[in-house]
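Peer 1: Provided herewith is a single structure, encoded as structure tokens, for subsequent inquiry.
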């Protein structure tokens with residue numbers, strides 16, 4: 001969107017809300033907000049401070065009357081408080097005097113492609129902005145708008161095999177001479193990069209336009225060293241593994257390396273799927289911020305993923321890049337690099353740790369790749385793919401690597417690759433262990449994300465799934481802990497747990513803690529100091545994907561554990577499918593008594609569709625006993641807690 005704004009002639013700045021200086025808000029004239037909703041209608045971590053400022057009692061009527069704004073909200077309609085932050089931002093900005101330019105946009109991940117929905121919204125937004133601010137009339141229903149937006153800077157990509165294989169130094173020196181001059185055997189691509197990528201050779205830094213001096217390189221390293229301890233400089237030599245991004249996410253302060261102490265298949269059979277149980281040793285570990293590394297039962301564990309090494313090697317070959325080369329990435333407008341990638345990094349580490357080469361590509365990625373295709377048939381095919389929604393309209397799940405394998409004529413370069421790929425994000429897993437029962441080890445339950453395709457090369461495997469599948473005991477991973485909304489109440493309060501598949505993870509931790517409290521003599525079932533705990537678990541088959549069966553059964557009262565009732569639904573065992581919500585209905589009277597008369601707390605973990613169905617059946621349980629209670633009030637009070645993904 002920033003690119004499009006600049007093409008129209010606007011001066012556009014992209015700002016993460018957690019980096020925004022709130023004292024500047026009264027100086028703004030035109031602001032577009034893109035906001036997502038987290039959990040039970042809450043702001044995301046990076047939007048917390050801004051949202052609290054927005055709704056503060058200190059705000060004054062008309063405080064934002066100089067601002068014209070538009071809001072696009074992102075969410076999933078399977079959640080109860082769908083798009084709540086989009087609604088709240090839109091309402092509060094208008095309440096404070098802001099002038100709404102158009103109706104709030106709605107992105108729904110459950111109803112097709114958010115990218116398509118966002119593009120449709122922009123098709124209405126841009127004509128309003130261009131007419132109001134620039135006096136340009138662009139018909140939103142015509143192709144004029146997209147044509148204007150796509151009128152990007154031109155640069156050349158040679159098709160000559162010798163030129164394609166020349167050294168990086170010659171490519172860079174040749175760039176200025178070739179730019180803008182059409183030659184034989186040249187394919188023209190229309191993509192205007194925001195970033196420049198420059199190769200660093202030993203003690204000489206060679207830029208495409210102007211070489212920067214050894215002194216400048218020393219200065220860069222010294223500044224980085226002053227900010228972050230995890231880097232060093234010897235003369236002008238750089239450790240490419242340790243330099244950190246200028247733009248750092250909050251979780252980067254908490255990352256530490258932990259050794260795997262146990263990793264095994266949790267399913268009885270793994271022929272039609274896989275779920276791994278993984279444990280990490282956190283004895284005496286400290287986070288990068290120096291604090292002792294610890295966790296609470298059912299917190300979330302973040303894993304910093306690593307791309308597949310073979311895929312990275314393939315990309316280096318296709319991009320004609322030496323993986324050991326160290327490059328410097330700069331913003332073309334000389335502003336700080338506002339992406340979570342180190343400005344100085346080896347190509348190997350860039351592709352291994354920082355770019356999402358495995359994710360489903362955006363429409364824009366396909367459009368750009370089509371521009372770099374030297375074969376007209378491949379170009380047309382990529383353009384056709386770009387016109388579809390990859391998540392729903394394509395027979396195969398594609399990623400950047402599989403696209404380059406399938407379309408060998410795409411002669412894309414490294415700098416453009418950096419621009420069009422998303423940054424690689426950490427993956428989160430609900431912790432499946434209790435900090436009271438095992439304070440020095442963290443366990444997770446990780447379902448392997450895999451989808452078979454016609455060709456082995458096109459088989460889709462989740463990036464962290466692949467990382468875990470290739471790992472073994474004593475391997476190190478970068479991890480960090482994020483707080484969860486799951487918190488066990490006092491043992492005297494009943495607990496109802498509902499989980500499906502890998503959604504069993506937090507309840508394994510709960511049960512481990514409950515068993516520990518009883519086995520250590522702190523509480524007893526017989527004396528009534530430990531309330532009733534119920535678990536509803538769903539999977540497909542009893543002999544295939546029923547994970548932790550022995551542990552769950554050993555946690556029952558009859559075996560000295562904390563669990564009063566274990567109800568398991570097998571959705572594929574019989575011709576008639578049975579789901580957890582069916583078992584909840586069957587136990588309606590007992591559950592009503594727990595919820596209303598004994599103040600039980602409910603925890604639900606699984607996918608959004610399951611969460612919605614379970615929420616509805618609990619509402620039925622309450623309504624059938626003529627008790628007028630809205631489950632939404634329980635969601636807000638914390639009596640009913642969900643972790644859905």
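In UniProt numbering, the protein residues as written are 1 to 645. For each residue, glycine too, the CB sits at the ideal point set by N, CA and C. Quick caveat: nothing in here was measured; it's all calculated off a predicted structure.
#1: Using the C-alpha atoms, what's the distance from residue 402 back to residue 569?
#2: Which residue's Cα is closest to the Cα of residue 279: 321, 137 and 439?
#3: Return helix, strand or coil for residue 579, following the three-state DSSP convention.
#4: Using 8 Å as the threshold, is the stretch 624 to 631 in touch with the stretch 556 to 574, meaning 3 or more CB pairs across them?
#5: Using 8 Å as the threshold, is the C-beta distance between residue 524 and residue 492 below it?
#6: Please confirm whether residue 17 and residue 36 have their CB atoms less than 8 Å apart.
#7: With 16 other CB atoms within 10 Å as the buried threshold, where does residue 609 fall?
#8: Give the straight-line distance between the Cα atoms of residue 273 and residue 542, rounded to the nearest whole angstrom.
#9: Can you tell which of 87, 75, 306 and 104 has the C-alpha that lies nearest to the C-alpha of residue 478?
#10: The beta strand (DSSP E) with residue 346 in it runs from where to where?
#11: Given this structure, state the Cα-to-Cα distance separating residue 19 from residue 50, to the nearest angstrom.
#12: Would the stretch 294 to 305 and the stretch 577 to 596 be scored as touching if the rule is three or more Cβ pairs under 8 Å?
#13: Could you check what DSSP says for residue 569 in three-state terms: helix, strand or coil?
#14: Please go through the same chain and pick out, in chain order, the residues whose beta-carbon is closer than 7 Å to the beta-carbon of residue 430, but skip the five residues on each side of it.
#15: Report the partner residues of residue 70 according to the DSSP bridge assignment.
#16: Between which two residues does the beta strand (DSSP E) containing residue 262 stretch?
#17: Closest to residue 133 by C-alpha separation, out of 98, 117, 83 and 68, would be which residue?
#18: Three or more C-beta pairs closer than 8 Å, one from the stretch 86 to 105 and one from the stretch 115 to 135: is that the case here?
#19: Does the structure place the stretch 432 to 447 close enough to the stretch 347 to 358 that three or more beta carbon pairs sit under 8 Å?
#20: Is residue 61 buried or exposed, if buried means 16 or more other CB atoms sit within 10 Å of its CB?
#21: Roughly how many angstroms lie between the CA atoms of residue 264 and residue 276, to the nearest whole one?
#22: I need the DSSP call for residue 562, collapsed to helix, strand or coil.
#23: Helix, strand or coil for residue 292 per DSSP?
#24: What residue from 386, 374 and 555 has the CA that sits closest to residue 113's CA?
#25: Residue 509 to residue 428, Cα distance in whole Å?
#26: Can you tell me where the beta strand (DSSP E) with residue 447 in it begins and where it stops?
#27: Report the option in 31, 467 and 636 whose CA atom is closest to the CA atom of residue 99.
#28: Out of curiosity, what's the CA-to-CA distance linking residue 557 and residue 86?
#29: Tell me where the alpha helix (DSSP H) around residue 633 begins and ends.
#30: Using the C-alpha atoms, what's the distance from residue 271 back to residue 449?
#31: Spatial neighbours of residue 409 within its chain, please: C-beta separation below 7 Å, excluding the five flanking residues on both sides.
#32: Taking a contact to mean a Cβ-Cβ separation below 8 Å, would you say residue 320 touches residue 404 in this structure?
#33: Output needed for residue 461: all residues of its chain with C-beta closer than 6 Å, excluding positions within five of it in sequence on either side, in chain order.
#34: What number of angstroms, rounded off, separates the C-alpha of residue 619 from the C-alpha of residue 117?
#35: Where residue 571 and residue 55 are concerned, what is the direct C-alpha to C-alpha distance, given to the nearest angstrom?
#36: Are residue 328 and residue 544 closer than 8 Å when you measure CB to CB?
Peer 2: To lay it out plainly:
#1: Near 38 Å, if we compare the C-alpha coordinates of residue 402 and residue 569.
#2: When each option's Cα is compared against that of residue 279, the closest is 439.
#3: Residue state, collapsed to three classes: coil.
#4: No: fewer than three Cβ pairs fall under 8 Å.
#5: No, these two residues do not count as a Cβ contact at 8 Å.
#6: Between residue 17 and residue 36, the C-beta gap is not smaller than 8 Å, which leaves the two residues out of contact.
#7: When all chains shown are included, residue 609 counts as exposed.
#8: Spanning the two alpha carbons is a distance of roughly 14 Å.
#9: Of 87, 75, 306 and 104, the residue nearest in Cα terms is 306.
#10: Residues 344 to 346.
#11: A direct Cα-Cα distance of roughly 10 Å separates residue 19 from residue 50.
#12: Too few Cβ pairs lie closer than 8 Å, so no.
#13: Residue 569 falls in the strand class under three-state DSSP.
#14: Hits under 7 Å: 298, 300, 484, 505, 506, 605 and 643.
#15: Paired residue(s): 32.
#16: Segment 256 to 265, the beta strand (DSSP E) holding residue 262.
#17: Minimum Cα distance to residue 133 is reached at 68.
#18: Proximity of the stretch 86 to 105 to the stretch 115 to 135 meets the contact definition, three or more beta-carbon pairs being nearer than 8 Å.
#19: Short answer: they don't touch.
#20: Exposed, because fewer than 16 other Cβ atoms sit within 10 Å of the Cβ of residue 61.
#21: Rounded to the nearest angstrom, the two C-alpha atoms are 6 Å apart.
#22: Note: residue 562 maps to coil in three-state DSSP.
#23: Strand.
#24: Minimum Cα-Cα distance from residue 113 among the listed residues 386, 374 and 555 corresponds to 386.
#25: As the crow flies, the alpha-carbon of residue 509 is around 16 Å from that of residue 428.
#26: Here the beta strand (DSSP E) through residue 447 covers 441 to 447.
#27: Selected option, being the one with the closest Cα: 31.
#28: Cα-Cα distance, rounded: 46 Å.
#29: From DSSP, the alpha helix (DSSP H) with residue 633 extends over 631 to 637.
#30: Rounded to whole angstroms, residue 449 to residue 271 spans 14 Å at the Cα level.
#31: Same-chain partners within the cutoff: 373, 374, 375 and 378.
#32: Residue 320 is not a Cβ neighbour of residue 404, given a cutoff of 8 Å.
#33: So the qualifying residues of the chain are 450.
#34: Roughly 32 Å between the two C-alpha positions.
#35: Residue 571 and residue 55: Cα-Cα distance of roughly 45 Å.
#36: It is not a contact, given that the beta carbons lie outside the stated cut-off.
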